[in-house]
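Asks: Residue numbers (the numbering used here): 261 to 422.
A virtual CB, placed ideally from N, CA and C, is assigned to each residue, including glycine.
All figures in this text were calculated on a predicted structure; none of them were measured in a lab.
1) Just mark residue 305 as buried or exposed, buried being the case when its beta carbon has 16 or more other beta carbons within 10 Å.
2) Is the stretch 378-392 in contact with the stretch 351-362, if contact means three or more CB pairs nearer than 8 angstroms?
3) Quick check on DSSP: helix, strand or coil for residue 398?
4) Take residue 395 and list the residues in its own chain whose beta-carbon comes closer than 6 angstroms to its own, dropping the five residues that flank it on each side.
5) Output the boundary residues of the alpha helix (DSSP H) element that contains residue 292.
6) Run the CB neighbour count on residue 383, radius 10 Å, all protein chains shown included, and call it buried at 16 or more, exposed below.
7) Beta carbon of residue 364, beta carbon of residue 289: below 8 angstroms?
8) On the criterion of 16 or more Cβ atoms from any shown chain inside 10 Å, does residue 367 qualify as buried, or is it exposed?
9) How is residue 327 classed by DSSP in three states: helix, strand or coil?
10) Of the choices 319, 302, 307, whose alpha-carbon is the least far from that of residue 399?
11) Would you tell me roughly how many angstroms separate the C-alpha atoms of residue 333 and residue 339, rounded to the nearest one?
12) Quick check on this structure: which residue in 362, 348, 301, 324 has the alpha carbon closest to the alpha carbon of residue 315?
13) In this structure, does DSSP put residue 313 in helix, strand or coil?
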């Protein structure tokens, strides 16, 4: 897929979906992870790459279906994003997250969701339907994104036996 057709989505500010917990520490962690994810989405949705990338650790990795390789650092992804902007006119117009789920596992948390992203490039507007996982790690008392995996949302499945 050409970089101009690059479809990228991040979670939108929204509800938190996880099993309720009576543990106040776990509940705090759940709220903090949700807030960290919301900050990523707010920056992504307004096409603010500097703020967006500031929520990822320098050693974060990125696996996205529109890139031929794993991006092994935040700097690699920042460079790719800048290329899309320059060569393709890449711009995020909006992002809506649904089916959100948060799992807090000690100092690590996993956020998954489905996402619909409106983009524009020199080729015109497009819409991406994808699902994403963002892994957070608690570093220095703060939840920092350390990995992101993005894949296309599968279309409707044919009936069984067909």
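Replies: Answer, in terms of the structure:
1) Buried.
2) At 8 angstroms Cβ cutoff, the stretches touch.
3) Strand.
4) Setting aside the 5 residues that flank it on each side, residue 395 is surrounded in the same chain by 370, 406, 407, each with a C-beta closer than 6 angstroms to its C-beta; the list follows chain order.
5) Residue 292 -> alpha helix (DSSP H) spans 284-305.
6) By the 10 Å Cβ count, residue 383 comes out exposed.
7) Result yes, Cβ atoms of residue 364 and residue 289 sit closer than 8 angstroms.
8) With fewer than 16 neighbouring CB atoms inside 10 Å of its own CB, residue 367 falls in the exposed class.
9) In the structure shown, residue 327 adopts coil according to DSSP, grouped into three states.
10) By alpha-carbon distance to residue 399, the top candidate from 319, 302, 307 is 319.
11) Those two C-alpha atoms are separated by around 10 angstroms.
12) Residue 301 is the option with its Cα nearest to residue 315.
13) If DSSP states are grouped into helix, strand and coil, residue 313 belongs with the helices.
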